[in-house]
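Q: Next up is a structure, given as structure tokens.
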Amino acid sequence: MNFEFSDEQELLREQARGFLAEHCPPTAVRAVLDGDADYDAALWQKIVEMGWTATVIPEEFGGLGLSYLELVVIAEELGRSVAPVPFSSSVYLATEALMACGSQEQKEKWLPLLAAGEAIGTFALAEGNGRPSVKSLTTRMDGSGLNGRKLPVADGRAADFAVVVGSSQSGDGASWYLVELDQDGVSRETVRTLDFSRGHAVVEFKNANAELLGGEGAGWAATERLLDRAAVLFAWEQVGLADAAMIQARDYAMGRYAFGRAIASYQAIKHKLANMYVKNTLARSNCYYGAWALNTDSAELPLAAATARVGAIKAAVFAAEENVQTHGGMGFTWEFDCQFYYRRAKLLGVNVGSEGYWQDRLVTAYEQNNAA
Amino acid sequence: MDFNDTQEEAAFRAEAAAWLKANVPSQEELAGLDEIAAAKLWQKRKYDAGWACIRWEKQFGGREANAIEQVIWNQEEAKYNTPGGVFVIGQGMAAPTLMTWGKPEHHERFLPKLASGEEIWCQLFSEPAGGSDLAALRTKAERDGDDWVINGQKIWTSGAHYSDYGILVVRTDPNVAKHKGLSYFFLDMKSPGVEIKPIKQLTGGANFNEVYFTDVRIPDSQRLGEVGQGWQVALTTLMNERAAIGGGGAGVNVDVAYRIASEVMIDDKPAIEDSAVRAKLADWYVQESGLRFTGYRSMTAMSRGEIPGPENSIGKLVGAPKTQEMASFCMDLLEMSGAIWDENLSKEAGLLQLTYMGAPGGRIAGGTDEIMANIIAERVLGMPQEPRMDKGMSFSEVPTGSN
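As they're listed, the protein sequences go chains A and B.
Add 1 to the 1-based position in the first sequence for our numbering, that's all there is to it.
Add 17 to the 1-based position in the second sequence for our numbering, that's all there is to it.
Laid out in structure tokens, this is it:
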């Protein structure tokens with residue numbers, strides 16, 4: 002047993018952190034937040050050049066064939082820098098979906114493009130308010146094509162294709178459909194979200210050309226498996242973000258004086274920070290377990306993923322909220338960067354299912370483990 | 018990163034499991050023995066077979082196991098309900114302090130009997146006027162020839178009444194700043210002038226004590242560290258204390274809460290189907306699992322030669338309030354019967370109430386929740402201390418209150 006990253010993985014972390022400090026400073030996040038772009042295209046191009054989009058794609062499909070332990074290191078650093086890029090949609094979701102269920106032909110077509118950053122993919126599940134289920138899906142495949150409306154779709158405008166969860170043509174449960182988004186049957190519009198440093202869209206399908214990805218009727222089980230895997234990767238982004246927000250709060254409290262002394266010397270502030278540290282540490286340790294389970298495709302993955310995800314949602318949201326609080330009035334201004342963490346933590350907290358959803362999945366996985 | 022055993026680790030686990038299976042004392046064997054006798058029986062059996070304090074040097078009774086082997090051993094032993102809490106202070110706190118600050122003759126004399134459980138140790142730190150502010154302690158030691166003469170009072174001393182030895186921090190110089198006037202000793206608890214009075218706890222039990230010292234003589238050879246260096250020596254003990262008390266999955270944990278939630282009903286359905294109940298259990302599972310893996314990570318760090326640091330405060334800071342919340346929640350699940358503490362009338366009575374009543378002690382012993390949070394903020398995150406009114410004063414000038 003060994004509960005730490007290898008020296009090589011630590012080296013990768015250092016490189017990633019240095020790279021993002023240079024190419025994704027707060028001004029880069031702010032530029033996307035203030036502007037009209039869906040993402041930071043220059044940063045994305047550099048990330049592609051670093052090979053990050055190719056990390057876990059097998060070499061035969063143009064990838065680097067590295068492990069998920071390398072990918073989680075990158076995820077943590079992307080979370081730390083609140084990077085405004087479509088990495089999670091394309092890498093944690095679309096790439097994973099293709100590797101899990103794609104035919105040889107589909108993999109040969111798309112994985113090299115994803116690895117090289119020549120295509121961006123996304124995953125389209127939600128159809129408006131509420132928790133999606135097989136029964137709730139109104140997007141449907143029929144003889145004339147795919148019809149329906151997905152809202153919100155992360156990176157829906159930036160993406161070249163989407164893996165869409167829809168009702169099966171046969172009427173038998175849900176299926177996955179691979180849909181190229183630049184076609185007459187697809188319309189996309191920007192959706193404003195609370196974190197507009199990340200692009201979201203509403204995507205409508207009208208008799209759109211779509212091909213089955215994976216088995217007819219196998220889409221819901223595939224969705225749950227995909228979400229388990231993505232949950233671990235999202236959790237690592239959240240842990241990176243939580244750490245950054247904690248450090249920002251600590252540093253501000255050290256330099257801010259009230260009643261003649263640094264506010265960092267007041268126990269009310271120290272205990273707030275200690276609480277962040279505790280939540281972050283528990284979340285990080287659970288993320289280690291998640292990373293290992295993901296990397297080894299362990300039978301414990303559903304439990305490990307939900308555990309990592311629940312802890313990471315709590316840690317990131319708490320650190321982001323209390324970071325603003327520690328800054329006082331300045332934290333509430335547009336000018337200060339506290340808002341980046343505050344926005345992104347909440348966005349990440351619902352992106353692949355809410356805390357409540359993952360708490361329920363956790364207990365279900367616990368029950369299944371006990372029954373096994 | 019690999020959560021699975023290596024081949025060597027798997028072999029070690031198999032060996033440990035086989036030995037435990039053959040040697041864990043049966044209920045019949047322990048029948049009629051009190052807590053101390055049962056714990057000593059089990060500890061001696063482990064010691065004789067080389068399974069006591071396995072990370073210690075062989076000459077002191079250990080097997081020079083590495084940190085990961087310690088994790089494996091703990092996992093395997095935890096599968097059984099074995100007696101042993103009485104050795105936590107001696108093996109977990111006094112022994113590391115002796116190893117760091119004691120002389121070779123101390124090691125040879127005391128470590129083997131600590132490992133074998135033949136001698137039990139207690140910790141004489143807290144005083145009526147020195148709890149969270151431990152360095153405010155007043156028990157004094159005055160030099161007299163080769164001895165020191167001790168006068169004063171300690172409090173909250175767990176197990177003083179059955180301990181053979183104690184570790185002790187006293188004031189040797191009241192005319193310097195409070196942290197600088199302390200020295201650290203160990204003593205025979207049967208020394209003349211030591212008087213032990215039990216304190217009845219809110220649980221109704223009496224595991225801890227007041228200990229009075231009247232002209233108690235301790236040879237200078239039982240001093241650890243230099244005169245005036247007692248605070249640094251005490252910190253060695255306290256760091257190990259926080260690691261030793263740890264999270265503790267004992268008592269009411271997620272497995273217990275899950276079982277109860279599966280058995281009791283809310284609106285004619287098992288409580289476990291209620292989403293609010295599931296959310297709570299999930300959160301506690303995250304904490305339990307997070308503490309377990311944080312402990313494993315710290316073991317990996319130790320196996321690379323790092324020493325346990327202030328980050329170990331997290332186990333107690335999370336574990337103690339969690340235990341209290343879970344016991345409280347489980348009683349709520351029983352609704353109006355939650356109050357019943359009579360095994361004849363309620364199947365769940367006993368564990369829940371005992372855990373709940375004992376929980377405040379866990380949040381106070383070895384540093385309160387608030388002190389743990391200060392330690393994390395100051396020593397892990399590098400935040401400044403609160404200004405201290407006694408800073409720079411000699412101890413004799415420090416103001417005192419009425420409580």
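Just so you know, even glycine gets a beta-carbon here, dropped at the ideal spot from N, CA and C.
Can you confirm whether residue 265/B, when its beta carbon is compared against all beta carbons of chain A, has any partner nearer than 8 Å?
A: Annotation note: pLDDT 46 at residue 265/B (below 50); position unreliable, coordinate value reported separately. Not one chain A Cβ lies under 8 Å of residue 265/B.
Q: Quick one: which chain B residues come within Cβ less than 9 Å of residue 283/A?
A: The contacting residues are 303, 304, 306, 307, 308, 310, 311, 331 and 335.
Q: Are there 16 or more other CB atoms within 10 angstroms of the CB of residue 336/A, so buried, or fewer, so exposed?
A: Label assigned to residue 336/A: exposed.
Q: Could you tell me the distance, in whole angstroms, from the CA atom of residue 264/B to the CA atom of residue 202/B?
A: Confidence is the limiting factor: at residue 264/B the pLDDT is only 42, short of 50, which leaves the residue's position unreliable and the question unanswerable from this model.
Q: Comparing alpha-carbon positions, which option in 228/A, 220/A, 151/A and 281/A lies nearest residue 248/A?
A: With distances taken between Cα atoms, residue 248/A lies closest to 281/A.
Q: List, in order along the chain, the chain B residues whose C-beta lies closer than 8 Å to that of residue 56/A?
A: Chain B residues near residue 56/A: none, gap ~16 Å exceeds 8 Å.
Q: So which of 85/B, 28/B and 185/B has the shortest CA-CA distance to residue 322/B?
A: For the residues 85/B, 28/B and 185/B, the minimum Cα distance to residue 322/B belongs to 85/B.
Q: For residue 140/A and residue 265/A, I'd like the C-alpha separation in whole angstroms.
A: Rounded to whole angstroms, residue 140/A to residue 265/A spans 52 Å at the Cα level.
Q: Considering just the uninterrupted stretch of the alpha helix (DSSP H) at residue 149/A, what are its terminal residues?
A: Unbroken run through residue 149/A is the beta strand (DSSP E), 146–155; no alpha helix (DSSP H).
Q: Is residue 227/B helix, strand or coil by DSSP?
A: If DSSP states are grouped into helix, strand and coil, residue 227/B belongs with the strands.
Q: I'd like the list of long-range same chain contacts for residue 69/A, defined as Cβ closer than 7 Å, with 5 residues on each side in sequence excluded.
A: Contacts found: 57, 292, 295 and 296.
Q: Can you tell me whether residue 171/B is helix, strand or coil according to DSSP?
A: Residue 171/B: strand per DSSP, three-state reduction.
Q: Does residue 167/B pass the burial test, meaning 16 or more other C-beta atoms within 10 Å, or should it be called exposed?
A: With 16 or more other Cβ atoms within 10 Å, it is buried.
Q: Just by C-beta distance, which residues in the region 392–409 of chain B are closer than 9 Å to chain A?
A: Correct list: 392, 393, 394, 395, 397, 398, 399, 400, 401, 402, 403 and 404.
Q: Relative to the C-alpha of residue 75/B, which residue among 124/B, 51/B and 42/B is closest?
A: If we check each option's Cα against that of residue 75/B, 124/B comes out closest.
Q: Does DSSP put residue 21/A in a helix, a strand or coil?
A: Reduced to three states, the DSSP call for residue 21/A is helix.
Q: So that I know if they touch, is there some Cβ in chain B lying closer than 8 Å to that of residue 263/A?
A: Yes, residue 263/A counts as interfacial toward chain B.
Q: Taking the straight line between their C-alpha atoms, what separation do you get for residue 188/B and residue 182/B?
A: About 19 Å.
Q: Under a Cβ-count criterion, where at least 16 other Cβ atoms within 10 Å of its own Cβ denotes burial, should residue 176/A be classed as buried or exposed?
A: Buried.
Q: Could you check which residue in 94/B, 61/B, 18/B and 281/B has the C-alpha nearest to that of residue 32/B?
A: Nearest of 94/B, 61/B, 18/B and 281/B to residue 32/B, Cα basis: 94/B.
Q: DSSP state of residue 234/B, grouped into three classes?
A: Strand at residue 234/B.
Q: The alpha helix (DSSP H) that contains residue 1/A, what's its start and end?
A: Since the displayed chain A opens at 2 and closes at 373, residue 1/A lies outside it and no answer follows.
Q: Cutting at 6 Å between CB atoms, please list the residues of its own chain near residue 244/B, excluding the five before and the five after it.
A: Excluding positions up to five away in sequence, the list reads 189 and 200.
Q: Should residue 29/B be flagged as near chain A, meaning a C-beta pair shorter than 8 Å?
A: False, the Cβ-Cβ gap to chain A never drops below 8 Å.
Q: Return the residue from the list 87/A, 85/A, 86/A and 112/A that minimises the CA-CA distance to residue 98/A.
A: Answer by Cα proximity: 112/A.
Q: Between the Cα of residue 134/A and the Cα atoms of 359/A, 221/A and 262/A, which residue gives the shortest distance?
A: Closest by alpha carbon: 221/A.
Q: Flag this pair as yes or no: are the beta carbons of residue 91/A and residue 48/A separated by less than 8 Å?
A: No. Outside cutoff.
Q: Going by beta-carbon coordinates alone, are residue 28/B and residue 363/A separated by less than 8 Å?
A: Cβ distance not < 8 Å, so residue 28/B and residue 363/A don't count as in contact.
Q: Do residue 202/A and residue 154/A have their CB atoms nearer than 8 Å?
A: Yes; because the gap between Cβ atoms is below 8 Å, this pair is in contact.
Q: Run through chain B and tell me which residues come within less than 8 Å of residue 252/A, C-beta to C-beta.
A: Neighbours of residue 252/A on chain B: none; closest Cβ ~10 Å, over 8 Å.
Q: Is it true that the region 352–360 of chain B meets the region 36–44 of chain A, where meeting means three or more beta-carbon pairs spaced less than 8 Å apart?
A: Contact between the region 352–360 of chain B and the region 36–44 of chain A is absent, because fewer than three Cβ pairs lie under 8 Å.
Q: So, under 8 Å CB-CB, residue 344/B and residue 369/B are touching, yes? Tell me the CB distance rounded to an integer number of Å.
A: At roughly 5 Å, the Cβ-Cβ gap stays under 8 Å, so residue 344/B and residue 369/B are in contact.
Q: Kindly identify the DSSP beta-bridge partner or partners of residue 94/A.
A: According to DSSP, residue 94/A bridges with nothing at all.
Q: Please list, in chain order, all residues of the same chain as residue 353/A whose beta carbon is under 7 Å from its beta carbon, the five residues on each side excluded.
A: These residues qualify, in order along the chain: 228, 231, 232 and 235.
Q: At 4 residues or longer, and completely inside the region 100–181 of chain B: list those alpha helix (DSSP H) runs for me, N to C.
A: Qualifying alpha helix (DSSP H) stretches, in chain order: 112–118 and 121–133.
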